[in-house]
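Only one structure is covered here, and it is reproduced in the block below.
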Amino acid sequence: MLNPAQINAYRERLLAERASLDEGDAKGSEDRGTVMLDQQSVGRLSRMDALQRQAMAEANQRRRTARRQRIDAALVRIEDGEFGYCQDCGEDIARARLDLDPTAPTCVSCAQG
Numbered sequence: 000m001l002n003p004a005q006i007n008a009y010r011e012r013l014l015a016e017r018a019s020l021d022e023g024d025a026k027g028s029e030d031r032g033t034v035m036l037d038q039q040s041v042g043r044l045s046r047m048d049a050l051q052r053q054a055m056a057e058a059n060q061r062r063r064t065a066r067r068q069r070i071d072a073a074l075v076r077i078e079d080g081e082f083g084y085c086q087d088c089g090e091d092i093a094r095a096r097l098d099l100d101p102t103a104p105t106c107v108s109c110a111q112g
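All residue numbers for the sequence shown refer to numbering that gives the first Met the number 0, where the first residue is 0 and numbers rise by one.
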């Protein structure tokens, strides 16, 4: 069972990670924009490079969105007093697992199936 100081430390860590994700969204917004055909560029390779950069930026955005959803779910569990307990079996989630990933919603046994 986690004490209030430990739970608060996880909350702060989750909030800091969410802020970092928001910063990544802001930095990547330009690369996710529409790729314009630039007649002054070297040609087809420049366009392919821009399309590849756009695809990578979109994939990174999807990963940040999925991670943000996990963080938000963990923050809700903190507020509801459910943080640190497995959502499947109700047992405590090991501290080592939470230290590795505080968004983990299940214990190792339930995660392995």
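Cβ atoms here follow ideal geometry from the backbone N, Cα and C, with glycine treated the same way.
Nearest-angstrom beta carbon gap, residue j and residue i [assumed within contact, 8 angstroms]
| i | j | result |
| --- | --- | --- |
| Phe82 | Ala73 | 7 angstroms |
| Asp24 | Gln60 | 7 angstroms |
Within-7 angstroms CB hit, residue i to chain B
| i | result |
| --- | --- |
| Val107 | The chain labelled as chain B is not found in the depicted structure, where only one protein chain is given. |
Reference residue i; option with closest CA among the options
| i | options | result |
| --- | --- | --- |
| Leu99 | Tyr9, Glu22, Ala4 | Tyr9 |
Residues of its chain near residue i, where Cβ-Cβ distance is below 8 angstroms and the 5 sequence neighbours each way are ignored
| i | result |
| --- | --- |
| Cys106 | Cys85, Asp87, Cys88, Glu90, Asp91, Ile92, Ala93, Arg96 |
| Asp71 | Arg17 |
Residue i and residue j closer than 7 angstroms at C-beta
| i | j | result |
| --- | --- | --- |
| Pro101 | Leu1 | no |
Own chain residues within Cβ distance below 7 angstroms of residue i, not counting five before or after
| i | result |
| --- | --- |
| Cys109 | Cys85, Asp87, Cys88 |
_Cβ contact (3+ pairs, closer than 8 angstroms) linking the segment 60 to 67 and the segment 8 to 21_ = yes
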